[in-house]
Structures are given as C-alpha cells and as structure tokens.
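Protein chains in written order, with this note's numbering: chain A, 1 to 584; chain B, 585 to 778.
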C-alpha cells in the first residue's frame with residue numbers, strides 16, 4: 001500500500017476530509033495550527049476558515065452541525081478555555097452532523113503558557129474523547145470520531161499532544177466518503193438551550209455516556225496486546241510508544257484510544273490477567289485516578305510524575321531505575337532563548353518603553369511576549385490571549401484605589417490578539433473610564449504561530465482577498481477620539497506617540513504599525529547596517545535593543561551581515577553615529 | 585524493542601535542519617524503513633535552540649529518543665552539539681559544524697561563549713568537524729550548508745548503500761538549487777574521513 005509520511009496534524013486534516021467534513025473553523029495555536037494550514041488543499045470539497053478566536057470557531061462548527069453537516073474546529077489546549085462555553089452546552093444539546101473538537105495539548109510547554117491536561121475537559125463536558133498515538137491513528141480516529149459523534153449525539157474531542165501533532169510517521173490514506181446531509185428541520189426542543197430543555201437533556205447525556213462506556217469494552221480503538229502475565233501496562237496517546245520502548249518484551253499492554261469514558265470493565269479484566277499493573281500517561285493521573293477510584297490496584301504517577309513530556313528513557317529510568325548512559329562532556333552550553341527577529345517591528349516599541357522606569361506594561365500572548373526578555377525587559381505581565389488590555393485595566397484601577405500616582409499603565413497586544421479577545425478589553429477601558437493607554441502592535445499577521453491571516457490582514461485562510469477590518473476605525477467607534485498611528489521603527493516618532501497619548505485630553509490609543517518582515521507577499525525594504533569601528537566607543541548602547549544580529553567583539557559593536565536586515569534601530573540609539581545603513 | 589537507529593539534528597532556529605531531516609527521511613522511506621520524525625514548532629523557532637529527531641528501523645515505536653540513545657548528532661552550531669551531547673550514545677558519532685553563533689546573553693556581553701566545545705566533544709565521542717558554512721559559501725551559497733552537513737552525516741554513519749542519496753536530494757530540493765545541493769552533498773561527504 002502506498003504510504004505517506006504525514007505529521008499528526010496533516011493526518012487529522014486528511015481524516016476530516018475523508019470523513020466528509022464540510023465546514024471547518026479554527027484559531028491558530030501551536031501545536032494545532034498545521035491542521036488548518038493543510039485544509040485549503042481540500043477546498044473543493046469543504047469550507048475552511050480562520051475564525052477570530054476559538055469560541056467563534058467552535059460556535060461556527062456547532063452551527064454547521066446543527067444545520068446537518070459534519071464539522072471541525074481545532075485549537076491548542078488553552079484555546080479550549082476560550083471555547084469551553086459553547087462546548088459544554090453543545091454536549092447537552094447534541095449534534096445533527098458529526099462534530100469534532102481538536103484539543104492539542106503541549107506537555108513541556110514548548111510554545112505555551114501552561115501545560116493544562118485537557119482530558120479533564122472531555123470528562124467535565126461529558127463528551128467522548130479519542131487519543132491517537134501516531135499519524136495513522138490521527139487519520140483513522142478522525143473518521144471514527146464522526147461516527148461516534150452522530151451515533152452518541154455529542155461533539156467528540158480528539159486530543160493530541162505536541163509529539164502526536166508534530167511527529168511524522170507513515171500513513172495509508174483513503175478516499176473521501178461524502179456524508180449525506182439531511183433536509184434541515186427546525187428542532188427547538190433540541191437546539192434551544194433553555195433551562196427546561198437543558199433539564200431534559202441531562203439524563204440523555206448520561207445515558208449516551210453509559211452506552212459509550214459499554215461500547216468501549218469491545219471498541220477496536222481499545223486494544224489488548226497480551227505478551228505475558230507478569231507486567232501489564234494501561235496507556236494511551238504518545239505514552240503508549242514510550243512505554244513500548246521502555247518495558248520488557250513480555251509486558252502486556254492495554255492500549256486505549258477511547259479514553260473518555262474509560263472502559264473500566266475492560267481495564268478490570270486486563271488488570272486481572274497480570275501480576276503487576278502500571279499506568280503510563282503524560283501529565284496528570286487522568287486514567288490512574290479513575291482506575292484507583294474503581295478499586296483497581298495500579299502504579300503510575302508515584303513513579304512517573306505529573307510534569308513535562310516523557311520519553312522512553314524517562315519511563316525506563318522512573319519505572320525500572322535504569323539510568324541512561326548519558327555522557328557529561330564537561331562544557332555547559334549557554335541558554336539560547338528565542339528573541340525578537342532582526343528587523344522585528346516590535347523592537348522599536350519595546351526599546352522605547354524600556355527607557356521609562358515609571359511605565360507598567362501588561363503584555364499578551366504572541367511574538368511580543370519576547371519584549372519581556374532581556375535586555376528589553378519591557379513587560380510586567382503576560383497572562384492570556386486578549387488579557388493585555390483588561391489586566392492593565394485592573395492594574396490601573398488598583399493603583400487608583402491604592403493612591404499610587406507615579407505609575408503610567410499600558411496594555412499591549414497584537415493585531416490578531418486584538419480581534420481574538422482584545423476588543424472587549426478595549427471596550428472595558430472606555431466604558432469604565434480606565435486610566436491607561438491601550439497599544440496595538442499591528443504587524444499585520446498572526447506571527448508566532450507561523451503567519452496566519454486574521455480579520456485585519458485582508459486575506460482569508462483559503463488565500464482569497466477578504467474584507468480588511470481597520471483597527472483604528474474600531475477603536476474610534478468605541479470612543480477612542482485620539483488614535484495615534486505610528487511606525488515603531490522610528491524611535492523618535494514612537495517616543496512622541498507615547499508622550500502624545502499620555503498628554504492627550506481625549507481618550508487615546510496607540511497603533512504601532514509595521515508589517516512583520518517575514519510576510520512573503522509584501523516587498524520589504526531590506527538593507528544592511530554597518531559599524532564604523534573608528535567611531536564606535538564600545539558604549540554598548542546598541543546592545544540594549546536586543547537584536548540577534550548585533551554583538552560586541554573586541555570591545556566594539558559588530559553586526560552579523562547574514563542576519564541584519566537594515567532596520568536601523570541600533571543606528572538610531574548610537575550616540576556616536578557609528579552605525580549607518582548601506583543600501584543593497 | 586527492535587533494533588532502530590536515531591539521528592538528532594540540532595541547531596539554531598532558521599538554520600535549515602528541517603530540510604536536512606526531510607532528505608534523510610525521504611531516503612529512508614524509499615529504502616523501506618519504518619520512519620518517525622519529530623520537530624518542535626512555534627516559539628523556539630524565533631532564534632532559539634531547535635532539535636529535529638529522526639528514528640528509523642524495521643519497526644519504530646516512539647518518534648523521540650531519550651538521553652544516551654542517539655546514534656548520531658548533527659550539530660549545525662558547535663555550542664548546540666554540547667547542549668545535546670547527553671542525548672548521544674557513549675559510542676555515538678557527532679558531526680559538528682565548526683561555527684559559532686552567539687546567544688542573546690552572549691551578544692549582550694552578559695555571559696561568554698563557552699570555550700572548548702569541539703575539544704570536549706572530541707574527548708568523549710567520535711567526531712567529524714567541518715566548516716560547513718565556508719564549504720557552502722565556496723560552492724556559491726551559504727544556504728546549502730545543511731546539505732553539506734547531510735553529506736557528512738551519510739558518510740559518518742556509513743549509509744552510502746541505503747539508497748541513492750544524490751537522487752533523493754535531486755528530488756527533494758527545489759529544481760533550481762539541484763546542482764548546488766548535489767555539490768554540497770558531495771563536498772560534505774568528502775570532508776569526512778570514514
């Protein structure tokens with residue numbers, strides 16, 4: 001059979017296509033983003049879009065399900081926090097067309113602000129959850145998930161982790177089966193979530209879960225691999241493969257694909273066949289706690305721990321005490337944290353902010369989170385998507401309440417984040433008269449996740465021209481009479497904009513606007529900056545801009561020509577005029 | 585556990601390790617191996633330390649390996665070789681690009697680039713050290729540095745017979761860079777004493 005090397009995310013997109021999905025909506029977030037980046041190739045058969053946020057994406061998918069078609073929404077783990085409201089109620093109402101919600105968790109926080117274990121969401125929302133272990137299962141489980149969704153009348157969560165989503169393995173693909181869409185009929189008893197309907201729905205939800213638990217006993221998604229009777233391992237997701245490599249060959253496995261509701265009878269039968277039972281799962285003891293509550297004797301978290309990613313060596317070490325043959329070469333590498341790229345438009349903004357010690361700056365999730373790193377150090381907090389404005393509002397109100405008058409408060413977020421959930425914070429500041437300046441760092445793209453379009457970019461996921469929403473028009477309509485638009489790469493203008501906003505008699509907001517240099521469809525003005533070493537006095541002022549292309553060598557500034565793009569931020573801070581831009 | 589081999593490609597975001605892994609994986613697939621590959625995307629790509637793992641054999645379970653388990657490390661930057669050295673088997677091989685990239689704290693003068701990265705690696709492992717960037721530059725473009733290192737890796741691991749690598753490269757890279765990358769592969773291959 002012809003097999004392709006696909007990432008888990010590519011396989012999920014393929015699985016959705018093969019399952020006959022027709023409407024797909026998502027907000028980008030690592031490690032889920034590539035699912036939707038891979039959907040436009042199927043656009044002749046399905047509709048796909050970037051929504052402004054995960055809640056909207058889930059509601060769009062759910063609306064499509066109500067209308068009778070199979071639908072998909074996808075998000076990173078923290079995105080499910082945003083989408084939780086419609087998910088929990090969709091679970092009560094049920095579906096018409098099958099609906100799948102992808103939750104892509106990020107153990108070890110490669111690109112996240114926490115490592116929450118979203119398996120609990122499936123349990124709390126009372127919906128089925130499937131956990132694939134590799135790309136083939138990503139594809140196969142997607143198809144199964146749509147069948148479950150329709151059969152058990154609930155949205156289904158497919159939960160991946162970074163290693164499942166971003167690892168590539170061989171996949172046999174199939175053909176698309178069109179899902180037949182029934183004639184639409186209004187069904188108020190089912191889809192209007194009034195208290196009376198919800199009251200009626202709850203027993204149905206419990207009954208469906210019970211049936212699903214029953215089904216779990218014999219489901220092909222749950223597999224027993226009997227090799228011996230001494231050791232048994234209950235496992236799921238990527239941890240299955242870690243355990244396969246770590247445990248001896250005569251260990252038996254109960255590999256679960258359907259992990260909510262847990263097939264407790266099947267687990268109990270398996271437990272009875274082995275002398276010692278282990279549970280190998282990443283993050284929390286989701287399965288283990290339920291097994292112990294059901295009276296099944298097993299060992300897991302006390303050995304494995306509940307933090308960070310596992311791998312075969314870690315499992316070997318923690319379960320069997322087998323030390324890895326790791327070599328200490330005696331030299332320690334210096335940490336290499338990510339940094340704003342050379343030429344990043346955010347640099348000029350954060351450098352300017354860093355010069356004011358009385359500024360308090362609430363940041364947000366995106367590339368600009370890096371504005372909080374040395375040497376810029378220009379952020380006080382970063383909490384969640386859209387939190388920049390509202391957290392700043394709380395701080396401003398706290399300073400007022402506590403009589404602290406020597407602080408100037410700023411809330412900072414990006415263009416995509418503004419549309420995601422920053423707009424409500426912007427409304428809050430006007431409505432409740434906040435004493436702070438909201439700043440939108442508009443680089444005209446969703447940067448950190450790898451350049452996805454958003455309502456402000458003028459393009460949609462399928463690559464077509466879309467209505468381009470103007471952030472300044474939105475802010476003005478909210479009551480920001482003084483919206484100051486500035487190029488953050490011009491440091492003088494940036495400083496002036498900040499002072500103008502602070503001194504404004506009308507309500508002010510700043511839009512620091514310059515497109516990300518990595519946007520391919522824009523022709524950028526690229527040059528190179530050079531240091532005149534006869535003028536350089538080695539004062540290190542240029543190092544303060546935190547550009548990866550500039551360093552100190554033999555007590556003089558030196559610019560790495562392979563990295564420099566000629567943004568001139570370093571040149572603007574040089575007191576000796578030692579850095580100049582050469583046109584290329 | 586069936587016998588498998590694993591390679592760890594490490595470097596700094598943007599150095600092209602992912603394309604190298606792609607060539608390796610394409611060849612291994614053609615040769616009939618089960619292959620799994622793992623990369624990390626997102627924030628770490630912004631100039632941070634990055635690693636890509638390729639794991640192959642008759643049947644592969646985990647896409648990732650743990651410490652002390654890699655057969656080869658290909659380091660696109662020499663401090664990155666040291667950072668991931670504990671992932672190498674005691675009898676593992678290191679192919680190291682003799683190239684230094686300062687981290688932000690080093691550039692800021694807050695810390696020093698560690699001395700003796702190459703020597704430390706050579707004292708513990710069988711190492712092949714080359715200036716892949718300079719070799720690539722001499723061939724016409726620094727961008728083919730990743731394929732220079734790939735050539736060295738194939739030679740170092742004795743993988744010449746696995747598949748016709750030149751053919752795989754020709755089909756993996758964009759057509760207009762085919763000659764450049766083939767030359768890069770050959771130069772990297774030659775730079776290593778088997």
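Think of the CB as a built atom: it goes at the ideal place given N, C-alpha and C, for glycine as much as any other residue.
Query	Result
Residue 672 of chain B versus residue 711 of chain B - alpha carbon distance	12 Å
Those runs of the alpha helix (DSSP H) which lie wholly inside the stretch 50–127 of chain A and span at least 4 residues	54–66, 77–93 and 119–125
Run of the alpha helix (DSSP H) containing residue 664 of chain B, from where it starts to where it stops	662–667
Length of the line joining the Cα atoms of residue 531 of chain A and residue 561 of chain A	11 Å
Residue of B:748, B:770, B:698 and B:741 minimising C-alpha distance to residue 729 of chain B	B:770
Minimum Cβ-Cβ distance from residue 167 of chain A to chain B less than 7 Å	yes
contact_flag[the stretch 368–377 of chain A, the stretch 60–67 of chain A] where n(CB pairs < 8 Å) is 3 or more	no
First and last residue of the uninterrupted alpha helix (DSSP H) at residue 240 of chain A	239–246
Short Cβ contact (7 Å threshold) for residue 497 of chain A with residue 511 of chain A	no
Neighbour flag for residue 407 of chain A against chain B, beta carbons, 7 Å	no
Contiguous beta strand (DSSP E) assignments of at least 3 residues, all confined to the stretch 285–367 of chain A	359–363
Length of the line joining the Cα atoms of residue 399 of chain A and residue 405 of chain A	7 Å
Local Cβ density within 10 Å of residue 263 of chain A, reported as buried at 16 or more and exposed below that	buried
Sequence-distant residues of the same chain with beta carbon closer than 6 Å to residue 108 of chain A, five excluded per side	308 and 309
C-beta atoms of residue 614 of chain B and residue 757 of chain B nearer than 7 Å	no
Nearest-angstrom Cβ-Cβ length linking residue 658 of chain B and residue 714 of chain B, presumed shorter than 8 Å	Not a contact, Cβ separation roughly 11 Å.
Backbone secondary structure at residue 279 of chain A - three-state DSSP	strand
Whether residue 619 of chain B touches residue 609 of chain B by CB criterion (7 Å)	yes
Residue 696 of chain B - DSSP class collapsed to helix/strand/coil	coil
For residue 207 of chain A, three-class secondary structure by DSSP	helix
Cβ contact check for the stretch 528–547 of chain A and the stretch 562–574 of chain A: 3 or more pairs under 8 Å	yes
Contacts around residue 507 of chain A, its chain only, beta-carbon distance under 7 Å, and the 5 residues preceding and following it disregarded	430, 479, 480, 481 and 482
Reduced DSSP category for residue 552 of chain A - H, G, I as helix; E, B as strand; rest coil	strand
Per-residue DSSP class, three states only, for residue 446 of chain A	strand
C-alpha distance - residue 601 of chain B paired with residue 590 of chain B, whole-angstrom precision	15 Å
Beta carbon of residue 165 of chain A nearer than 7 Å to that of residue 31 of chain A	yes
Residue range of the unbroken alpha helix (DSSP H) whose run includes residue 751 of chain B	749–756
Residue burial classification, residue 223 of chain A (beta-carbon count within 10 angstroms, cutoff 16)	exposed
For residue 742 of chain B, the three-state DSSP class (helix, strand or coil)	coil
Under 8 Å by beta carbon: chain B residues contacting residue 385 of chain A	The premise fails here: residue 385 of chain A is roughly 14 Å from chain B at the closest Cβ pair, so nothing lies under 8 Å.
Distance between residue 191 of chain A and residue 610 of chain A (C-alpha atoms, nearest Å)	No answer is possible for residue 610 of chain A: the residues shown for chain A start at 1 and end at 584.
When B:689, B:708 and B:641 are compared against residue 611 of chain B, the one with the closest alpha-carbon	B:641
Proximal residues of chain B, C-beta to C-beta of residue 241 of chain A below 8 Å	645, 646 and 647
Residue span of the alpha helix (DSSP H) that contains residue 148 of chain A, given as start and end	135–151
Classification of residue 432 of chain A by the beta-carbon crowding that lies within 10 angstroms, buried from 16 upward	exposed
Burial state of residue 114 of chain A (16 or more Cβ within 10 Å)	exposed
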